[in-house]
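Visitor:
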Amino acid sequence: MIESPYPIFFHRFSRPLLTFAAIATITIMVTGIVGNLLTIVALLRCPKVRNVAAAFIISLCIADCLFCIIVLPFNAIRFIQGTWMHGETLCTLITFMQYGSVGVSLLCITMISINRYIMIAHYSIYPKVYKTSWIMVMIIACWLFSYGFQLPTLFGVWGKFGYNHQLGTCSILPDDEGRSSKTAMFIIAFIIPCMIIVICYSRIFCVVHKSDKRMKNHSKSQCNIPNNLRSAADPASPLSAGSSSSANNNSISYTASSSAVKVAGAARSATDARDAKARRNEWRITKMVLAIFLSFVMCYLPITISKIVDKNVSVPVLHIIGYIMLYLSACINPIIYVIMNKQYRQAYKTVIFCKPSRLLGFTHGGSSVGDSPHPQHLVAIQDS
2 MIESPYPIFF HRFSRPLLTF AAIATITIMV TGIVGNLLTI VALLRCPKVR
52 NVAAAFIISL CIADCLFCII VLPFNAIRFI QGTWMHGETL CTLITFMQYG
102 SVGVSLLCIT MISINRYIMI AHYSIYPKVY KTSWIMVMII ACWLFSYGFQ
152 LPTLFGVWGK FGYNHQLGTC SILPDDEGRS SKTAMFIIAF IIPCMIIVIC
202 YSRIFCVVHK SDKRMKNHSK SQCNIPNNLR SAADPASPLS AGSSSSANNN
252 SISYTASSSA VKVAGAARSA TDARDAKARR NEWRITKMVL AIFLSFVMCY
302 LPITISKIVD KNVSVPVLHI IGYIMLYLSA CINPIIYVIM NKQYRQAYKT
352 VIFCKPSRLL GFTHGGSSVG DSPHPQHLVA IQDS
């Protein structure tokens with residue numbers, strides 16, 4: 002066996018606890034790789050679920066997949082062997098990849114939240130902002146910022162990546178001059194994106210609440226229309242005296258008008274049904290992204306708390322739970338997609354069972370229902 006330059010931390014973490022952590026990490030790794038790859042294939046193969054939000058979700062899945070493929074295997078081995086056995090260079094690179102993929106994940110969630118806010122509250126500018134070229138720029142910017150922000154730490158200019166003997170893990174350490182990028186990275190790459198997401202969803206719920214209130218007031222006003230106004234065009238109302246020919250002409254004219262009204266009403270009802278379906282789809286996606294964000298925060302909260310309240314690792318199980326929850330964030334999103342979105346479930350079935358699906362057909366213009374080009378699709382949840 003290759004000897005490790007770092008001390009084995011069995012005195013802090015018991016063998017049963019490390020075995021449990023290794024099994025949990027491997028399980029999360031396999032689940033995350035399968036789930037995220039399945040999501041990527043499903044979104045690429047089924048055009049009806051391929052909208053603007055899906056583009057960012059694919060980027061999110063790629064980041065989570067890289068985390069599972071590159072980072073988690075080394076962490077599983079670390080739990081099995083009780084220490085880091087792969088040298089300083091790999092310790093640096095794996096930590097760089099870990100923080101980078103986490104940053105991409107949170108920035109993609111932030112971008113989707115902004116997308117939902119503009120879609121619902123400011124639809125007039127939506128088609129201008131979310132063109133294909135701009136979407137690609139946004140996704141590339143997420144990746145460049147997440148990894149570019151770490152370059153000073155990677156080269157040892159502002160802190161450094163290395164093995165933390167106290168925690169028994171590779172992390173960000175102070176450089177030779179005592180500087181560390183950890184606090185700045187936490188504020189810029191975690192706190193600020195979380196604040197943006199919270200603001201976006203606060204505004205979304207305000208818009209939806211106001212819209213619901215307007216719709217209820219509109220329904221009440223419709224119910225208060227006097228009956229005599231509704232019966233003005235009643236076919237049973239008596240006709241004024243006149244010739245038989247005039248009466249027949251009036252009857253024919255009324256019948257034609259009545260038929261036209263019925264056809265127009267049916268067309269309007271069909272349009273309203275499509276609009277309602279589009280609004281429901283949009284709202285499902287919005288709630289799904291909120292669930293993804295909340296799960297992300299819940300997964301990163303335990304490790305953050307444990308490092309603050311237990312710096313000396315007096316309660317090892319607290320840190321192990323924190324690590325497992327952190328790793329869980331890389332595989333939980335596909336589970337959320339399955340639970341909260343029917344179209345995603347159908348897309349998964351299409352890929353798993355290799356069978357054709359109605360999701361394979363293109364909608365008008367090849368766009369998803371979730372990104373309808375017509376602003377009236379959001380009339381019930383759009384702030385006027």
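For the sequence shown, this note's numbering begins at 2 and goes up steadily by one. All C-beta atoms, glycine included, are put in the ideal place defined by N, C-alpha and C.
1) Are the beta-carbon atoms belonging to residue 182 and residue 153 less than 8 Å from one another?
2) Give me the DSSP bridge partner(s) of residue 173.
3) With three or more C-beta pairs closer than 8 Å as the rule, is the segment 293–302 touching the segment 106–123?
4) Quick one: what does DSSP say residue 36 is sitting in, helix, strand or coil?
5) Let's test the definition: count the other Cβ atoms within 10 Å of the Cβ of residue 199 and tell me whether it reaches 16, buried, or not, exposed.
6) Please return the same chain residues whose Cβ sits closer than 7 Å to the Cβ of residue 143, not counting the five positions on each side in sequence.
7) Classify residue 246 as buried or exposed, calling it buried when 16 or more other Cβ atoms lie within 10 Å of its own Cβ.
8) Are the CB atoms of residue 98 and residue 73 nearer to each other than 8 Å?
9) Following the continuous alpha helix (DSSP H) through residue 355, name the residue where it begins and the one where it ends.
10) Just to confirm, is the Cβ distance from residue 337 to residue 18 under 8 Å?
11) Within a Cβ cutoff of 8 Å, which residues of the same chain sit near residue 131, ignoring the five residues on either side of it in sequence?
12) Alpha helix (DSSP H) containing residue 1: first to last residue?
13) Quick check on the DSSP output: the alpha helix (DSSP H) that includes residue 135 runs from which residue to which?
14) Report the CB separation of residue 174 from residue 163 in whole angstroms; it is logged as a contact under 8 Å.
15) If you count every other CB in all the chains shown that lies within 10 Å of the CB of residue 213, and 16 or more means buried, which is it?
16) For residue 159, which option in 145, 180, 141, 172 has the closest C-alpha, if you only look at C-alpha atoms?
17) Between the segment 338–353 and the segment 44–52, can you find at least three pairs of beta-carbon atoms closer than 8 Å?
18) How long is the line joining the alpha carbons of residue 237 and residue 202, rounded to whole angstroms?
19) May I have the straight-line CA-CA distance separating residue 316 from residue 328, to the nearest angstrom?
Guide: The relevant details are as follows:
1) yes
2) 162
3) yes
4) helix
5) exposed
6) 60, 105, 108, 109, 112
7) Unreliable positioning characterises residue 246 in this predicted model, as indicated by a pLDDT of 49, which lies under 50. A coordinate reading is not provided.
8) no
9) Neither: residue 355 is in no alpha helix (DSSP H) and is coded neither H nor E.
10) no
11) 53, 116, 119, 372
12) Nothing about residue 1 can be read from this structure; the chain reaches only from 2 to 385.
13) 133–149
14) 5 Å
15) exposed
16) 180
17) yes
18) Summary for residue 237: the model assigns pLDDT 44, below 50, so the residue's position carries little reliability; its value from the coordinates is reported in the next sentence. When rounded, the distance between both Cα atoms is 53 Å.
19) 19 Å
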